[in-house]
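A.B. asks: One structure, as structure tokens, below. Some questions next.
In the numbering used here, the protein residues as written are 356 to 518.
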């Protein structure tokens, strides 16, 4: 939907994870995947080779400092603070997590990409120092995340940049 609705031909994912987002973007001319975890990156490279995904470029870089070549859009579903434990380590504080999100957004702001689609829990989006233009509910089945005894929904947020 994201790719079709915004006529995206090339996209960068700074927090690529296990690569399931790639499946929804296979009709793009160029996909740039990135993940800091070497084992996760290696798994996606294996998937790329096995399925001959020729429009996929893979990187194992720090998403807070790596900026790709020009693309139409950025897309990510970042880690949800310390809800899961990651190979590269947990965040030491909520301030560190907020810095992580905003470092990525600062890179996006310097890029030529006009759109940034972000899937994130509703309680974490306010940590981003940019204002989203649209929000779409992904909770068709009313699945939510429990954190601190509260239930939080996941939404798809659209951020627009540079006109």
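Cβ atoms here follow ideal geometry from the backbone N, Cα and C, with glycine treated the same way.
Remember, it's a predicted structure, so these values are computed and weren't measured experimentally.
Less than 9 Å between the beta carbons of residue 435 and residue 460, yes or no?
C.D. replies: Within the chain shown, numbered from 1, the residue matching residue 435 stands at position 80. Within the chain shown, numbered from 1, the residue matching residue 460 stands at position 105. No; because the gap between Cβ atoms is not below 9 Å, this pair is not in contact.
A.B. asks: Would you list, in sequence order, the uninterrupted alpha helix (DSSP H) runs of no fewer than 4 residues that lie entirely inside the region 402-479?
C.D. replies: 449-465
A.B. asks: Looking at C-alpha atoms only, which residue of 463, 516, 453 is the closest neighbour of residue 368?
C.D. replies: As a position in the chain shown, residue 368 is number 13, starting the count at 1. Per the Cα distances, 463.
A.B. asks: Of the residues 384, 370, 403, which one's Cα is nearest the Cα of residue 390?
C.D. replies: What you label residue 390 is simply residue 35 of the chain shown in a count that begins at 1. Closest option to residue 390, Cα to Cα, is 370.
A.B. asks: Measuring alpha carbon to alpha carbon, tell me which of 408, 404, 399, 400 ends up nearest residue 382.
C.D. replies: In the chain shown, residue 382 corresponds to position 27, counting from 1. For the residues 408, 404, 399, 400, the minimum Cα distance to residue 382 belongs to 408.
A.B. asks: What's the call for residue 373, buried or exposed, on a 16-neighbour Cβ count within 10 Å?
C.D. replies: Locating residue 373 in the chain shown gives position 18, counting from the first residue. Counting Cβ neighbours within 10 Å, residue 373 comes out exposed, since fewer than 16 surround it.
A.B. asks: Reducing DSSP to helix, strand and coil, say where residue 377 ends up.
C.D. replies: Position 22 of the chain shown, counted from the first residue, corresponds to residue 377. Three-state result, residue 377: helix.
A.B. asks: Of the residues 387, 405, 420, which one's Cα is nearest the Cα of residue 456?
C.D. replies: The residue labelled residue 456 in the question sits at position 101 within the chain shown. Checked all of 387, 405, 420; the closest Cα to residue 456 is 420.
A.B. asks: On a Cα-Cα basis, can you pick out the residue from 422, 406, 454 that is closest to residue 320?
C.D. replies: The question about residue 320 has no answer, for the chain in this structure spans 356 to 518.
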